[in-house]
Structure formats: C-alpha cells, structure tokens
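J.: Chains as they are written, first to last, in our numbering: chain A, 473 to 558; chain B, 45 to 305; chain C, 4 to 81.
Ideal placement from N, C-alpha and C gives every residue a C-beta, glycine not left out.
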Amino acid sequence: MADTILLIALVLAAGAVLLAVLRLLRGPTAADRAVALDVMTLVFVPGMVALAVFSGRKIYLDVALVYGVLSFLGVMSLARYFDRGI
Amino acid sequence: MTRKVVTLIALVAVAGLFLVLLRLGTPNELGTVSRHYVERGIAENRAANLVTSVVVNYRGLDTLGEVTVLFLSVTGAAFVLRRRERKPVDARASRASEIVQTGARLLVAPIMLFGVYIFVHGHLTPGGGFQGGAVVASGVLLLLLADRERELPHGLMAWLESLSGFAFIVAGLAGLWVAGSFLANRGVLPLGEWNRLLSAGIIPVIYTLIGLKVGSELAALLDVMMRGEAVAAGHGAARSGGGRRGGRTRGGKNRKKGGRR
Amino acid sequence: MIWLDALVCLLMIVVAVTATAVKNLVSAVIMVGVVSLLVSYLFLRMGAPDVAMTEAAIGAALTTVIFLIALRRTGEDR
Numbered sequence: 473m474a475d476t477i478l479l480i481a482l483v484l485a486a487g488a489v490l491l492a493v494l495r496l497l498r499g500p501t502a503a504d505r506a507v508a509l510d511v512m513t514l515v516f517v518p519g520m521v522a523l524a525v526f527s528g529r530k531i532y533l534d535v536a537l538v539y540g541v542l543s544f545l546g547v548m549s550l551a552r553y554f555d556r557g558i
Numbered sequence: 045m046t047r048k049v050v051t052l053i054a055l056v057a058v059a060g061l062f063l064v065l066l067r068l069g070t071p072n073e074l075g076t077v078s079r080h081y082v083e084r085g086i087a088e089n090r091a092a093n094l095v096t097s098v099v100v101n102y103r104g105l106d107t108l109g110e111v112t113v114l115f116l117s118v119t120g121a122a123f124v125l126r127r128r129e130r131k132p133v134d135a136r137a138s139r140a141s142e143i144v145q146t147g148a149r150l151l152v153a154p155i156m157l158f159g160v161y162i163f164v165h166g167h168l169t170p171g172g173g174f175q176g177g178a179v180v181a182s183g184v185l186l187l188l189l190a191d192r193e194r195e196l197p198h199g200l201m202a203w204l205e206s207l208s209g210f211a212f213i214v215a216g217l218a219g220l221w222v223a224g225s226f227l228a229n230r231g232v233l234p235l236g237e238w239n240r241l242l243s244a245g246i247i248p249v250i251y252t253l254i255g256l257k258v259g260s261e262l263a264a265l266l267d268v269m270m271r272g273e274a275v276a277a278g279h280g281a282a283r284s285g286g287g288r289r290g291g292r293t294r295g296g297k298n299r300k301k302g303g304r305r
Numbered sequence: 004m005i006w007l008d009a010l011v012c013l014l015m016i017v018v019a020v021t022a023t024a025v026k027n028l029v030s031a032v033i034m035v036g037v038v039s040l041l042v043s044y045l046f047l048r049m050g051a052p053d054v055a056m057t058e059a060a061i062g063a064a065l066t067t068v069i070f071l072i073a074l075r076r077t078g079e080d081r
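Right under this line is the structure:
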C-alpha cells in the first residue's frame, strides 16, 4: 500500500517535471524559463525524498537537502538580474 | 538550417561513440587497485565514506593539486574581473526588498551551519570539503544579494584562506615526520572507532581545512565580481591594480613587494 | 525505475541541445541550470552521491550567478 502511494507520488513528480520542461522549451521570454527552473527544483525535492523512501537508500536525501536549501538563490539572482542588473 | 543539421550529426556521432565504448570498454570486475581500495580501505582508514578515504588518503596529492588549481583560478579571475572604478549606486537600488532582507537575516546562519556540517562530516556522510565550501559561499551570496553595499571582512577571509592552505601542507608534513610519507594517515591522529565523528585519523582535519579554504575563496570571488575594486584593493589579489590607480602609500607598498606583478 | 532514468536522460538531451540553439543568452544560462539538476539526479541513480552533491552545491546557485555577472559585465545580453 505504501509502495503504491510512493509510486503514484513519483509519477506525479515526473509529470510535473515534464510540464516544467515544456514551459522551459516553449517560453517566449527568459522570465518564463526562470519560473520553469524554479518549479523544477521545487518538485525535485519531494520527488527525491519519495524515491529515497521507496528504494530504502539514504543517500538520496543529502542531494535533496542541498537543493532544498540552495535552489532559491539561483532564482533570486535571476530575478535581480531581470529587475535592475545584478 | 546548416546549424541544425550539424548539431544532429554531432549528436548521432557522439551517441555512436558512446555505444561503442559501452560495448567494448566497461569492465565487469574490479581491477587490482580498486580491489585494494574496496577490501582494505575500511580497515586502513576507518572512514565510513570510502570515497573520502580515497580522495584524502590514497589520492591525497591529487587533492592538493586540485586545491592549488582552484586557488590559482580564483585569484586569476578575481584579478581580471574586478571593476576599475566604483560605479555610483544609489542606496535604493542596492538594498533588496523587505522580504529578502528579513529572509536573508534568518537564513544565512542555517545555510552556513549546513555547509559546516557537510565538510565536518565528510568522512561519515556523502559530501566533503568542496561541497561544504560551495554551500558556505552560497550563504555569503545570500548576504550580498540582500544588501549589495555590505562590507565583508576581506582581511579575515584572506587570512582564513591562506592559513587553511598552509595548514593543509603542515598536516602533510606531519604525516611525513611521523609515518614517513607525505599526507600519511597512520599515526598522526588515532584512527578511532568506525562511524564516529572523531575517527579516521587526519581525514576530518584535512576536509575541514579544505572546506574553510574553498568557502572563503569562492566568497571573496563573488564579492570582488559583484562589488568592485574599492573592495578588492584591501584584498591581496589586486594589490598591484591599486598601486596603478594612484596613491603614494599604495605605490610605496608595491615597490616594497617587488612592483607590479 | 528504469522508465524514470530514461525520461530524465531524454529530457537532459533535449534541454542541452536547446541550450545551444536558443538566441537569448540568459535563457541558455537557465537551461544549463536545468541540465545540472538532471545530471545530479543521474549521478545519484548511478550510485555516486559525492559527485551528485558537488554538482548540486555548485550548479544550484554559484554557476548561475557567475554567468549572470559575466553577462552583465560584458554586455552580451543585448
């Protein structure tokens, strides 16, 4: 039962990443692509945690933690760049 | 049109090359050196992370070369990319919004703590000096994004970087003195129990020094690139540029150090 | 999990090829960030957590910021 729920979570996370990549490839302006990058890093964290619980390996959690802590800095510097030049 | 065709051809060629290498080049069993690392690595180093014991102990000289290469490239980049003149920036443009300032004030301490955790526990969990140093530099980046005119303590960062690099060499020489080979792990510090924080000899000490060095180095590079020469004139990387701009005392200091480099 | 790895590989190739073909350089920098994220996942699946963590720590914030500063300073973003 728990395995089924985790598998559904993984499929949904993969679907979200796929939709974000579509926006990344299509988006006419660079700001669209920045939002797509933000969504991808935000979906990546719970996707990796679900994969860690599903496969029982603890090493997947460290990278998820690093992305969870640091991902907003890249998007924030992109926002500063679009606004007034970094 | 030509560009797309060339890209497609290059992609297919590289894919074909990888397929050939996959068929021919992947070994199915461990070589002699890898088998020594896998079988005797834990017994000789007692570090829970086998990659750390390979990076710091078995290939410690390559890590020293990596640290040197990073130092040289950051020094060169900071020297080339600094601003010559200080552009006038009004106070409103340099400070970020209220959310970013408050968030930076709250988040810098946990980010730095996380970076320190990564390089102190390098021998237990995945991670190590370079990763932890990059996270610490990202914490400093958050400070710079919140308030662009913040004065970072460049003297402290320069001293920290230089002393960490020097202490790395001293740790290697201690290994030479005690055990007979540079950067040896036997005998300098006790090996301890497995999977404890104070274990694996000199490996956590070396990774801590690497983490401090890489963190302060990358933070200084980010500061110089974002803010300009008035900051870099206090930092050792741009002393000759400061002398060229003027100022009698700076020129005097340059002449004593051997002129423009 | 092989379907997930295959999907990530395919996405990585598509985004990387698009990064060379797009005109705006800031968009290319963003695509490099996305490729870094996908490569970090593949390193984890191949059993190399230290390499994945290095790629995450450097590619999450630092390479994007350094590229943006360089683009702004050379005026290439017109």
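Can you list the residues of chain B that Val-83(C) reaches, using a CB-CB cut of under 8 Å?
T.: The structure shown does not extend to residue 83(C), since chain C is modelled only from 4 through 81, so no value can be given for it.
J.: If we count the other Cβ atoms within 10 Å of its Cβ and call it buried at 16 or more, is Ile-1(C) buried or exposed?
T.: Look at the range of chain C in this structure, 4 to 81, and you will see that residue 1(C) is not part of it.
J.: Looking at the unbroken alpha helix (DSSP H) that takes in Asp-191(B), where does it start and where does it end?
T.: Counted as a single uninterrupted DSSP element, the stretch harbouring Asp-191(B) is not any alpha helix (DSSP H), since DSSP gives it neither H nor E.
J.: For Arg-240(B), which of helix, strand or coil comes out of DSSP?
T.: coil
J.: Met-67(C) CB to nearest chain A CB: under 9 Å?
T.: What sits at residue 67(C) in the sequence shown is Thr, not Met. True, the Cβ-Cβ gap to chain A drops below 9 Å.
J.: Please check if any C-beta of chain B sits within less than 9 Å of the C-beta of Ala-31(C).
T.: no
J.: Is any beta-carbon of chain B found at less than 9 Å from that of Arg-552(A)?
T.: Residue contact with chain B for Arg-552(A): present (Cβ-Cβ distance below 9 Å to some residue of chain B).
J.: Going by C-alpha distance, which of Gly-78(C), Ser-39(C), Ala-64(C), Val-42(C) is nearest Val-541(A)?
T.: For Val-541(A), the nearest C-alpha among the options comes from Ala-64(C).
J.: Excluding the 5 residues preceding and the 5 following Gly-280(B) in the sequence, name in chain order all residues of the same chain whose CB lies nearer than 6 Å to its CB.
T.: The pLDDT assigned to Gly-280(B) is 47, lower than 50, so where the model puts this residue is not dependable, and the model offers no usable value.
J.: Can you list, in chain order, the residues of its chain with a C-beta nearer than 6 Å to that of Ser-43(C)? Leave out the 5 residues immediately preceding and following it.
T.: Ala-55, Glu-58, Ala-59
J.: Which term fits Ile-477(A), buried or exposed, when burial requires 16 or more other beta carbons within 10 angstroms of its beta carbon?
T.: Exposed, by the Cβ-count rule.
J.: Under 9 Å between the Cβ atoms of Leu-105(B) and Leu-227(B)?
T.: yes
J.: Which word fits Lys-257(B), buried or exposed, when buried means at least 16 other C-beta atoms lie within 10 angstroms of its C-beta?
T.: Classification of Lys-257(B): buried, given that the 10 Å Cβ count is 16 or more.
J.: Where does the unbroken alpha helix (DSSP H) through Tyr-532(A) begin, and where does it stop?
T.: 532 to 556
J.: Among Leu-28(C), Phe-46(C), Leu-13(C), Val-20(C), which has the Cα closest to the Cα of Ile-72(C)?
T.: It is Leu-28(C).
J.: How would you label Ile-254(B), buried or exposed, when you count the other beta carbons within 10 angstroms and need 16 or more for buried?
T.: buried
J.: Determine the chain C residues that contact Thr-513(A) at a beta-carbon separation under 8 Å, and present them in chain order.
T.: Within 8 Å Cβ-Cβ: Leu-40, Ala-63.
J.: Kindly say whether Ile-480(A), judged by its beta-carbon, lies nearer than 9 Å to any beta-carbon of chain C.
T.: no
J.: What's the C-alpha gap between Gly-259(B) and Gly-176(B)?
T.: 7 Å
J.: Please classify Arg-90(B): does DSSP put it in a helix, a strand, or coil?
T.: Arg-90(B) sits in coil when the DSSP states are folded into three classes, being neither helix nor strand.
J.: How would you label Arg-47(B), buried or exposed, when you count the other beta carbons within 10 angstroms and need 16 or more for buried?
T.: exposed
J.: What's the call for Ala-153(B), buried or exposed, on a 16-neighbour Cβ count within 10 Å?
T.: exposed
J.: Consult DSSP for Arg-139(B) and reduce its assignment to one of helix, strand or coil.
T.: strand
J.: Would you list, in chain order, the members of the stretch 163 to 180 of chain B that have their beta-carbon closer than 8 Å to a beta-carbon of chain A?
T.: Using a CB distance below 8 Å, the part of the stretch 163 to 180 of chain B facing chain A consists of Thr-169, Pro-170, Gly-171, Gln-175, Val-179, ordered along the chain.
J.: At the level of alpha carbons, what is the spacing between Ala-274(B) and Leu-188(B)?
T.: Note that Ala-274(B) scores 38 on pLDDT, short of 50, meaning its location in the model is unreliable; the coordinates nonetheless yield the value given after this. Taking the straight line from one Cα to the other gives about 16 Å.
J.: Counting only Cβ-Cβ distances shorter than 8 Å, please list the residues of the stretch 527 to 546 of chain A near chain C, keeping chain order.
T.: Contact residues of the stretch 527 to 546 of chain A toward chain C are Ser-527, Ile-531, Tyr-532, Asp-534, Val-535, Val-538, Tyr-539, Leu-542, Ser-543, Leu-545, Gly-546 (C-beta to C-beta distance below 8 Å).
J.: Compute the Euclidean distance between the alpha carbons of Ser-225(B) and Glu-88(B), then round it to the nearest angstrom.
T.: 15 Å
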